[in-house]
Amino acid sequence: VVTEYLRACREQGILEVRIVHGKGTGTLRRGVLALLDRLPEVAGYRQGGPGGGEWGAVIVRLRPLAD
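In the numbering used here, the protein residues as written are 1345 to 1411.
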């Protein structure tokens, strides 16, 4: 689901997105971050921060599609 969401965002020119993985045990967060590390379209990511989900979310920067 995450990969498809990121692809759809890039196709629409949306290059910064928030993925909410929740604050639970950290298992889902680790899985999401491991996936992001493997995707070439991900330029970078950071913790949500205050007002952005804090440690229950990650802000992802995407590379633009090549022309």
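For each residue, glycine too, the CB sits at the ideal point set by N, CA and C. Here the structure is a predicted model, which is why all the values come from computation and not from measurement.
For residue i, which option in the options has the closest C-alpha, if you only look at C-alpha atoms?
| i | options | result |
| --- | --- | --- |
| residue 1402 | 1385, 1369, 1376 and 1356 | 1376 |
| residue 1354 | 1384, 1368, 1366 and 1393 | 1384 |
| residue 1390 | 1404, 1351 and 1359 | 1404 |
For residue i and residue j, what's the separation of their Cα atoms in angstroms?
| i | j | result |
| --- | --- | --- |
| residue 1395 | residue 1357 | 24 Å |
| residue 1400 | residue 1364 | 6 Å |
| residue 1361 | residue 1345 | 14 Å |
| residue 1411 | residue 1371 | 37 Å |
| residue 1406 | residue 1380 | 10 Å |
List the endpoints of the continuous alpha helix (DSSP H) containing residue i.
| i | result |
| --- | --- |
| residue 1385 | Careful: residue 1385 lies outside any alpha helix (DSSP H) and carries neither H nor E. |
Along the chain, where does the beta strand (DSSP E) that runs through residue i open and close?
| i | result |
| --- | --- |
| residue 1360 | 1360–1364 |
Around the Cβ of residue i, are there at least 16 other Cβ atoms within 10 angstroms (buried) or fewer (exposed)?
| i | result |
| --- | --- |
| residue 1409 | exposed |
Tell me the DSSP bridge mates of residue i?
| i | result |
| --- | --- |
| residue 1406 | 1386 |
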